[in-house]
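What follows is one structure encoded as C-alpha cells, with my remarks underneath.
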Amino acid sequence: MAKKSASKRRKVSGGGSQDRKDQKESKLDEQDLVEEELPNQKQSSVTSTSSDTTMISDGRYRNKQRCLVLCSRGVTARYRHLLEDLRTLLPHHKKESKLDPGAEGAGCAVNDICEMRSCNSVVFLECRKRTDAYLWLALAGTGPSVKFHVSNIHTMDELRLTGNCMKGSRPLLSFDESFGRIGHLKLLKELFVDIFGTPRGHPKSKPFVDRVMSFYYADKKIWVRNYQILEQQATNAMEAREAKKESGQDQATSLVEIGPRFVLNPIRIFRGSFGGQTLYKNPSFVSPNEIRAAERRAQGNSYVERKESQKKRTARQAEIVVPEDPLDSVFR
Numbered sequence: 254m255a256k257k258s259a260s261k262r263r264k265v266s267g268g269g270s271q272d273r274k275d276q277k278e279s280k281l282d283e284q285d286l287v288e289e290e291l292p293n294q295k296q297s298s299v300t301s302t303s304s305d306t307t308m309i310s311d312g313r314y315r316n317k318q319r320c321l322v323l324c325s326r327g328v329t330a331r332y333r334h335l336l337e338d339l340r341t342l343l344p345h346h347k348k349e350s351k352l353d354p355g356a357e358g359a360g361c362a363v364n365d366i367c368e369m370r371s372c373n374s375v376v377f378l379e380c381r382k383r384t385d386a387y388l389w390l391a392l393a394g395t396g397p398s399v400k401f402h403v404s405n406i407h408t409m410d411e412l413r414l415t416g417n418c419m420k421g422s423r424p425l426l427s428f429d430e431s432f433g434r435i436g437h438l439k440l441l442k443e444l445f446v447d448i449f450g451t452p453r454g455h456p457k458s459k460p461f462v463d464r465v466m467s468f469y470y471a472d473k474k475i476w477v478r479n480y481q482i483l484e485q486q487a488t489n490a491m492e493a494r495e496a497k498k499e500s501g502q503d504q505a506t507s508l509v510e511i512g513p514r515f516v517l518n519p520i521r522i523f524r525g526s527f528g529g530q531t532l533y534k535n536p537s538f539v540s541p542n543e544i545r546a547a548e549r550r551a552q553g554n555s556y557v558e559r560k561e562s563q564k565k566r567t568a569r570q571a572e573i574v575v576p577e578d579p580l581d582s583v584f585r
C-alpha cells in the first residue's frame, strides 16, 4: 500500500509540474502578444499626437536662445538709452561693452564675441558721425543678417507713457499682413521672432504674457511699438453689463503703449552674418549723407541766387536816370 501511495504521489507531483509548465508557456505567449501590441499602440499614439495641432508644453527651458546686445564706440546718449530699453525687452540677452571695430571691421569682431559667449543671435547698434544710427540684426555664424537705418527714436524715459508691464515677461509678437505677403518681409519676420521672442522657461523670464510687441509696415519702413495688455475690471454691475454688451466679456481689454518706439528702414539683407551674398537691397533708401549734402547744396544755391538778385538791383538802379527839368531853375 505504501508503494502504491508513493507512486500516486509521484504521478500527482508530475502532473502538477506539467501544469506549471503549461502555465509558464501560456504566460510567455501572453507576453509575446503584449509586446507585439505595444509598438502598434506606440505608433497609433504617435500618429494621434502628430495629427493633433495643440501640444502641451512642460514649461522647461528647451529653446535655449541667447542674444548678444552691444553697440559701437561713439554712440550718443539717446542711442545708448535705446539700447538699454532693448535689453529690458530681451530677458535672454547677454550684455557686452562698447566695441571698437578696428581695421578688420565690426562684423568679424562681433562673430568672435558671439562664439565666446555662446550666443545664437546679435543686436548691434552702430553710430556714425554721432548722428546716424544703424541697427544690425543677425543670426550668429550662419546668418542671415539685416542692416537697418534707425529713425524717429523715442525711449521709455523720454515718452513717459502710462503703460507698464512686468520686467522679464514674455511678449506676444504681432505682425502686419504685409509680413506674410512680401518676400523679404517674410525673412525679417522669422528674424524678429528669433530675436525678440523670449524663450519659454528662461531663468530670467517670467511666466506671464502681459505685453504685445507690434511690427507694422508702412511707407516702406517698419514701425515698432510696444504695448501693455490691460484688462479693466468693472467697478459695478452697470459697467460690467455695458462691457459685456460691447465686447462680450466681463473684462474690457485694451492696449496701453509702454515704449520704446522707433522706425526701421531696411537697407540690405545678407546671406551670412555681417556679410556675404546680398539677398535684398532697398532701392528707395537714400543715405543720410546724401540728404545733408542736398540740403547744403540748396543753401549754397540760395546764397548764389541772393547775390545775383543784388547785382540785378544795382544795375536796374543805375539804368534809371531822371531827365533834367528846364523850369527847375526858374522858381528858385
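Letter by letter, the sequence shown follows residues 254 to 585 in the working numbering. We treat Cβ as the ideally placed atom computed from N, Cα and C, and that holds for glycine.
Where do the ends of the alpha helix (DSSP H) carrying residue i lie?
i      : result
Arg550 : Pro541 to Glu572
Asp246 : Because residue 246 is not part of the residues shown, which for the chain are 254 to 585, the question remains open.
Ser398 : Note, Ser398: premise wrong, no alpha helix (DSSP H); beta strand (DSSP E) at Ser398 to His407.
Is residue i helix, strand or coil when you go by DSSP?
i      : result
Pro579 : coil
Cys367 : helix
Met466 : strand
Leu508 : strand
Glu357 : coil
Arg331 : helix
Arg340 : helix
Arg478 : strand
Ala471 : strand
Ala393 : coil
Phe461 : strand
Asn293 : Reliability fails at Asn293, whose pLDDT of 47 lies under 50, so the model's placement of it is uncertain and no value is given.
To the nearest angstrom, how far is it from the Cα of residue i to the Cα of residue j?
i      : j      : result
Glu289 : Arg313 : Here the model assigns Glu289 a pLDDT of 49, short of 50, so the residue's position is not dependable, and the following value carries that caveat. Rounded to whole angstroms, Glu289 to Arg313 spans 34 Å at the Cα level.
Asp578 : Gln552 : 47 Å
Ile522 : Met491 : 54 Å
Leu508 : Ala487 : 17 Å
His345 : Ser555 : 53 Å
Gly394 : Gly454 : 25 Å
Glu572 : Pro536 : 53 Å
Ile475 : Ile520 : 12 Å
Tyr480 : Phe377 : 24 Å
Val539 : Leu323 : 26 Å
Terminal residues of the continuous beta strand (DSSP E) containing residue i?
i      : result
Gly525 : Arg514 to Gly525
Ser350 : Careful: Ser350 lies outside any beta strand (DSSP E) and carries neither H nor E.
Phe377 : Ser374 to Arg381
Ser500 : Here Ser500 belongs to no beta strand (DSSP E); instead the alpha helix (DSSP H) covers Ala490 to Ser500.
Pro424 : Ser422 to Phe428
Gln530 : Gly528 to Lys534
Cys320 : Cys320 to Cys324
Name, in chain order, the residues that DSSP records as bridge partners for residue i.
i      : result
Arg413 : Note: Arg413 sits in no beta bridge, so no partner.
Ala386 : Cys380 and Val403
If I'm right that residue i touches residue j with Cβ under 8 Å, what's the distance once you round it to whole angstroms?
i      : j      : result
Ser427 : Ser467 : 4 Å
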